[in-house]
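This report refers to the structure that appears directly beneath it.
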Amino acid sequence: MKLRSQNPILLYLIFTLIFSSVVWVLTLNAPNAGRIAGRMFGYGIMWCPALATIVTFKLTGRKMSDLAWNLGKTKYLWSSYLIPLFYSLVAYLIIWSAGWGDFYNLSFVNDTAHEFGWDTLPHWLFIIIFFIMNGVIGMFAGISTALGEEIGWRGFLVPELAKKMGYTGVSLTTGLIWGIWHYPLLVFGSYNNGTPAWYGLICFTISITAVSFIFTWYRMKSGSLWTGVLLHASHNLFIQSFFTPITQPNAKSAWYYDEFGAVIPAVIVVLAIYFWSRRKELTSIGEYLS
């Protein structure tokens with residue numbers, strides 16, 4: 138049965154909620170989930186938007202091949218990889234300079250070097266090698282999870298919203314929906330830094346809404362959902378797998394570092410304003426939705 142007359146955005150959001158609810162319950166019911174279970178739940182939740190897109194397309198008579206699978210211009214792909222590295226580096230340089238955390242976390246470096254069997258390497262050399270390996274090899278794992286979300290958020294939702302509103306409205310709406318989608322695990326789980334729930338929630342919401350302006354700009358400019366995949370994967374990779382763990386926390390760190398502290402949202406907001414100021418460079422809907 139095809140539901141061509143139905144609101145595809147509403148269908149997508151309903152199915153995203155249904156599928157995500159299953160993973161939310163499983164995750165919250167496993168507070169002691171280790172590496173294996175945590176990875177499975179993580180993959181599961183990040184592929185719910187893609188699954189919702191598939192069902193929505195099936196019900197509305199669309200084809201998944203209609204999504205913006207083309208790679209687009211190489212410069213936009215490289216920029217999508219490098220921009221999260223840039224704002225993460227700026228944020229953590231501020232954090233280290235202000236004394237809200239120190240470079241570097243000796244325990245993390247020693248433990249990680251030991252896992253690789255590189256205990257004898259000087260710390261400075263191991264950090265460089267780990268940064269390069271993480272930034273290259275780690276991207277494959279990051280892309281495999283980010284793709285699940287981006288098929289939904291930037292592949293489907295952004296183009297659909299762009300039929301009804303402009304760049305600013307699309308960015309705000311997508312960012313808020315994307316942020317709220319994380320709330321069940323943020324509020325009821327342990328997906329934060331240990332600060333009060335309201336504080337982490339505010340920082341995270343500002344961060345994800347602001348970064349949506351960057352993601353939307355590249356989606357519209359490039360005509361490719363792969364820019365969103367690379368932005369998303371790079372954001373998660375450098376913040377979660379390098380800069381946060383490489384930082385030695387202190388009593389103030391939880392309030393300032395990682396995705397639930399104040400610095401990263403502040404830096405991203407500045408960058409979001411920059412991309413918003415360039416909104417007139419975006420082409421018409423017909424040129425970037427396919």
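Following this note's numbering, the numbering of the sequence shown begins with 138 at its first residue and continues without gaps. By construction, the Cβ of each residue, glycine as well, lies at the ideal position given by its N, Cα and C atoms.
Under a Cβ-count criterion, where at least 16 other Cβ atoms within 10 Å of its own Cβ denotes burial, should residue i be classed as buried or exposed?
i: Glu287; result: buried
i: Met270; result: exposed
i: Pro145; result: buried
i: Leu298; result: buried
i: Trp215; result: exposed
i: Tyr149; result: buried
i: Pro259; result: exposed
i: Lys358; result: buried
i: Pro296; result: buried
i: Gly423; result: Any reading at Gly423 must be qualified, since the residue scores a pLDDT of 40, below 50, and its modelled position is unreliable; no value is offered.
i: Leu452; result: It is not possible to answer for residue 452, since the shown part of the chain is limited to 138 through 427.
With a threshold of 6 Å on Cβ separation, who are the neighbours of residue i within its own chain once the five nearest residues in sequence on each side are excluded?
i: Trp354; result: Phe412
i: Gly292; result: Leu204, Leu362
i: Asn207; result: Ser361
i: Phe240; result: Trp233
i: Asp335; result: It is Trp, not Asp, that sits at residue 335 in the sequence shown. Excluding positions up to five away in sequence, the list is empty.
Would you mind giving the Cβ-Cβ distance between residue i and residue j, rounded to the nearest angstrom? I have them listed as a contact below 8 Å.
i: Leu165; j: Phe325; result: 6 Å
i: Gly272; j: Tyr394; result: At roughly 19 Å, the Cβ-Cβ gap does not stay under 8 Å, so Gly272 and Tyr394 are not in contact.
i: Phe350; j: Ala388; result: Not really, about 33 Å apart at Cβ, beyond 8 Å.
So, for residue i: in the same chain, excluding its five sequence neighbours on each side, which residues have a beta-carbon less than 7 Å away from its beta-carbon?
i: Asn330; result: Gly337, Ala391, Asp395, Phe397, Gly398
i: Phe352; result: Arg291, Gly365, Leu368
i: Pro221; result: Leu368, Ser371, His372, Phe375
i: Ala189; result: Tyr149, Phe152, Thr153, Phe156, Gly289
i: Asn242; result: Pro382, Ile383, Thr384, Gln385
Using beta carbons (cut-off 8 Å, strictly below), is residue i in contact with chain D?
i: Ile410; result: Judged by its chain identifiers, the structure shown contains no chain D, having just a single protein chain.
Between the segment 367 to 377 and the segment 275 to 288, are three or more C-beta pairs nearer than 8 Å? yes
Whole runs of the alpha helix (DSSP H) within the segment 275 to 352, excluding any shorter than 4 residues: 295 to 299, 304 to 318, 320 to 325
Give a yes or no on contact between the segment 174 to 192 and the segment 216 to 233, applying the rule of three or more CB pairs nearer than 8 Å. no
Any alpha helix (DSSP H) of 4 or more consecutive residues that is wholly inside the segment 196 to 282: 211 to 235, 243 to 253
Does the segment 304 to 320 come close enough to the segment 336 to 352 that 3 or more CB-CB pairs lie under 8 Å? yes
Jot down the residue ranges of each uninterrupted beta strand (DSSP E) in the segment 383 to 416, minimum 3 residues, whole runs only, in chain order. none
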